[in-house]
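Here is the structure we will look at.
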Amino acid sequence: MRWWVSIGMLAVAMAAGVAAVAAPNQAPQSGAGRDDAKQVDVELVLAVDVSYSMDVDELAVQREGYAQALMSGEFLKTLKSGPNGRIAVTYFEWAASGDQKVILPWHIIDGPESADAVAAEIMKAPLRRASRTSISGAINFALPLFEQNPYHGLRRVIDISGDGPNNNGEPVTIARDAAVAKGIVINGLPIMVKEPSYSMMDIENLDYYYEDCVIGGPGAFVVTIKDRARFKEAIHTKLVMEVAGHTPPARVVPIADEQRPARVSCLIGEKVWQDRWGR
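FYI, the numbering for the sequence shown is -22 to -1, 1 to 257, going by mature numbering (1 follows the signal peptide of the UniProt record, and there is no 0).
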């Protein structure tokens, strides 16, 4: 089941109590042999696009948006509402299929001090940009990170943000399906603050592409950014929802249409690249 949410919907849904808890991941989480100190509510991978289609201002605002969201009062209040009151988070930046860089190794956030430390770690790394866009590469890079994580979450989530479709590496649906088969939820943050540009390999309806080709797993959702001024607000909305385990109040795909064809070709990024470069 896939969902879409506008930035304003979250406050309405929470105020009305209209939200469902996402299903836990399928990884074994039995209590036998587990160290309670290693238990967390969510293992959260933040996978952030730094391809050349993102301008430097967008990269800076994106980085700041994540840091500020993790320190916000609403995020910390939501954090404490979980059964363990803490999450494990890692943050990496990605571009081509072989270009991923971990900015923040796995850290625990369990209150203001740890949130401040994580935010500072994210902000101190120099900004960078790189060529190509491989969402599949980002997902594939994220999978072993969960196995390397010493903490054990009730849910495992990959948070993918980006402003273009996959145009490098294996098809995104193959990577998505492999992650979902492991019980991992993939949520999306498509960035649509500029007019689509052929020269930058952009596509129209990037939100549809993320909904139909990128996200997956129980309660997976998309928060779309269409206004640069609301960039940080959208990131904040998405992180609060992920930690709370909430799903949005509006469904994108009716149950009867779950198997319908994608509204946007899941290979459109590869086709645009081939049409332009012939390789």
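For every residue, glycine included, the Cβ atom is placed at its ideal position computed from N, Cα and C. Every value quoted in this text rests on a predicted model; they were computed, and no experiment measured them.
Between the Cα of residue 201 and the Cα atoms of 43, 78, 185, 195, which residue gives the shortest distance?
-> Along the sequence shown, one-based indexing puts residue 201 at 223. Residue 201 has its Cα closest to that of 185, out of 43, 78, 185, 195.
DSSP state of residue 162, grouped into three classes?
-> Taking the sequence shown and counting its residues from 1, the one referred to as residue 162 is at position 184. Looking at residue 162 - three-state DSSP - the assignment turns out to be coil, as it is neither helix nor strand.
Counting only the same chain and skipping the five closest in sequence on each side, list residues whose C-beta sits under 6 angstroms from that of residue 260.
-> Shown here, the chain extends from -22 to 257; a query on residue 260 therefore has no answer.
Counting Cβ pairs, one atom from each stretch, are 3 or more of them under 8 angstroms apart for the region 152 to 166 and the region 187 to 206?
-> yes
Sort out for me which residues DSSP pairs residue 147 with in a bridge.
-> For the purposes of this step, residue 147 is taken as the residue at position 169 of the sequence shown. Paired residue(s): none; residue 147 is not in a bridge.
For residue 104 and residue 149, the rounded distance between their alpha carbons | Position 171 of the sequence shown, counting from 1, holds the residue named residue 149. Position 126 of the sequence shown, counting from 1, holds the residue named residue 104. So the two alpha carbons sit approximately 30 angstroms from each other.
Between the CA atoms of residue 71 and residue 36 - distance to the nearest angstrom | Position 58 of the sequence shown, counted from the start, is the residue given in the question as residue 36. Position 93 of the sequence shown, counted from the start, is the residue given in the question as residue 71. Between residue 36 and residue 71, the C-alpha separation is close to 14 angstroms.
Own chain residues within Cβ distance below 6 angstroms of residue 137, not counting five before or after = For the purposes of this step, residue 137 is taken as residue 159 along the sequence shown, with counting starting at 1. So the list reads 24, 165, once near-sequence residues are dropped.
Counting pairs of beta carbons, one from the region 203 to 219 and one from the region 35 to 53, are three or more of them closer than 8 angstroms?
-> yes
Does the beta-carbon distance from residue 81 to residue 64 come in below 8 angstroms?
-> Looking up residue 81 in the sequence shown gives position 103. Looking up residue 64 in the sequence shown gives position 86. No, the Cβ-Cβ distance between residue 81 and residue 64 is not below 8 angstroms.
Cα separation between residue 58 and residue 210?
-> Within the sequence shown, residue 58 is the residue found at index 80, counting from 1. Within the sequence shown, residue 210 is the residue found at index 232, counting from 1. Going by the C-alpha atoms only, they are around 22 angstroms apart.
Give the range of the beta strand (DSSP E) segment to which residue 83 is assigned.
-> Counted from its first residue, the sequence shown places residue 83 at position 105. Run containing residue 83: 78 to 87, per the beta strand (DSSP E) assignment.
Could I get the ranges of all uninterrupted beta strand (DSSP E) runs contained in the region 165 to 223, with 3 residues as the minimum, in chain order?
-> 199 to 201
Per DSSP, residue 137 forms a beta bridge with which residues?
-> The count along the sequence shown starts at 1 and reaches residue 137 at position 159. In the DSSP output, where bridge partners are listed per residue, residue 137 has 24, 165.
Where residue 56 falls: helix, strand or coil (DSSP) = Taking the first residue of the sequence shown as 1, we reach residue 56 at position 78. Residue 56: helix per DSSP, three-state reduction.
Ends of the alpha helix (DSSP H) at residue 96?
-> Counted from its first residue, the sequence shown places residue 96 at position 118. Note, residue 96: alpha helix (DSSP H), 90 to 102.
Alpha-carbon spacing of residue 191 relative to residue 154, whole angstroms | In the sequence shown, residue 191 corresponds to position 213, counting from 1. In the sequence shown, residue 154 corresponds to position 176, counting from 1. Distance between the alpha carbons of residue 191 and residue 154: 8 angstroms.
When you compare each of 245, 248, 160, 109 to residue 121 by their alpha carbons, which one comes out closest?
-> The residue you call residue 121 lines up with position 143 of the sequence shown. That would be 160, whose Cα lies nearest to the Cα of residue 121.
To the nearest angstrom, report how far apart residue 170 and residue 135 are at their CA atoms.
-> As a first step, residue 170 is located in the sequence shown; it is residue number 192 there, counting from the start. As a first step, residue 135 is located in the sequence shown; it is residue number 157 there, counting from the start. Straight-line Cα distance between these residues: approximately 23 angstroms.
Close Cβ partners of residue 129 (< 8 angstroms) along its chain, the five nearest in sequence each way excluded = Counting from one through the sequence shown, the residue named residue 129 turns up at place 151. Taken in chain order, the residues that qualify are 16, 17, 18, 21, 66, 84, 86.
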